[in-house]
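Novice: This is the structure, below, for whatever I ask next.
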Amino acid sequence: MDMICDFLHHDSYWVKGIAKELIWASIENSSICYGIYKGNPLEGNGQQVGFARVVTDFVRFSHLGDVFVLPEYRGRGLSKWMLSIIIEHPQLKGTYFSLATKDAHTLYEQFGFQSVENMEKRMARSLNWEAVYKGHRLKN
Numbered sequence: 001m002d003m004i005c006d007f008l009h010h011d012s013y014w015v016k017g018i019a020k021e022l023i024w025a026s027i028e029n030s031s032i033c034y035g036i037y038k039g040n041p042l043e044g045n046g047q048q049v050g051f052a053r054v055v056t057d058f059v060r061f062s063h064l065g066d067v068f069v070l071p072e073y074r075g076r077g078l079s080k081w082m083l084s085i086i087i088e089h090p091q092l093k094g095t096y097f098s099l100a101t102k103d104a105h106t107l108y109e110q111f112g113f114q115s116v117e118n119m120e121k122r123m124a125r126s127l128n129w130e131a132v133y134k135g136h137r138l139k140n
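Take 1 as the starting number for the sequence shown in full-length UniProt numbering and just add one per residue.
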């Protein structure tokens, strides 16, 4: 868990500076979390090197977020392998999958992701960090 918090807080472009408590809350409230490990965590020698999480209702929609592999382990096909596992999950396979990313588009396209057409018909409410921190009783 420390590796996830360290990466998201210090190295991610999408939530850099986020409080550890909010990372914990986002993971605890996610439907499924995925990890990539060097070694075997069940034998006590696993070092986590990648992570992704999915928020879903298991019927209509799934949202993929916080996908990353530590820089020193990139270029080995680990992200591609992890995405193949996620996309093939029996209860996620047919759902509408979304994600928001400014990079790795060619990777995601290999799994059927594409730019959303008719964006003018999509709506979203902006993230309000002040309200998020206040809702979790944290100082921003």
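C-beta atoms are modelled at their ideal positions from N, C-alpha and C, and glycine is treated no differently.
As the structure is a prediction and not an experimental result, all values here were calculated from the model.
Give a yes or no on whether the C-beta atoms belonging to Met3 and Val49 are separated by under 9 Å.
Specialist: yes
Novice: Three or more beta-carbon pairs under 8 Å between the stretch 65-75 and the stretch 4-19, yes or no?
Specialist: yes
Novice: With 16 as the cutoff for other CB atoms within 10 Å, does residue 169 come out buried or exposed?
Specialist: There is no way to answer for residue 169, as the model of the chain reaches only from 1 to 140.
Novice: Alpha carbon to alpha carbon, how far is Leu83 from His89? Give it in angstroms, no decimals.
Specialist: Straight-line measurement puts the Cα of Leu83 at about 10 Å from the Cα of His89.
Novice: Among residues of its own chain, excluding the 5 on either side of residue 202, which ones have a beta-carbon nearer than 6 Å to its beta-carbon?
Specialist: Given a span of 1 to 140 for the chain in the structure shown, any question on residue 202 remains unanswerable.
Novice: For Val54, count neighbouring C-beta atoms within 10 Å of its own C-beta (all shown protein chains included) and say buried if the count is 16 or more, exposed if not.
Specialist: buried
Novice: Name the two residues that bound the continuous alpha helix (DSSP H) containing Ala25.
Specialist: Lys20 to Glu28
Novice: Would you say Arg60 lies against chain C (beta-carbon separation less than 9 Å)?
Specialist: Absent from the structure: chain C. Only one protein chain is present.
Novice: Alpha carbon to alpha carbon, how far is Gly39 from Phe97? Give it in angstroms, no decimals.
Specialist: 30 Å
Novice: In terms of residues, what are the limits of the alpha helix (DSSP H) holding Thr106?
Specialist: His105 to Glu109
Novice: Can the beta-carbon of Cys33 be found closer than 9 Å to that of Ala19?
Specialist: no
Novice: Classify Thr106: buried if its beta carbon has 16 or more other beta carbons within 10 angstroms, exposed otherwise.
Specialist: By the Cβ-count criterion, Thr106 is exposed, with fewer than 16 other Cβ atoms from all chains shown falling within 10 Å of its own Cβ.
Novice: Please check the pair residue 141 and Ser31, which I expect to be a contact at CB under 8 Å, by giving their CB distance rounded to whole angstroms.
Specialist: Outside the displayed span of the chain (1 to 140) sits residue 141, for which this structure offers no information.
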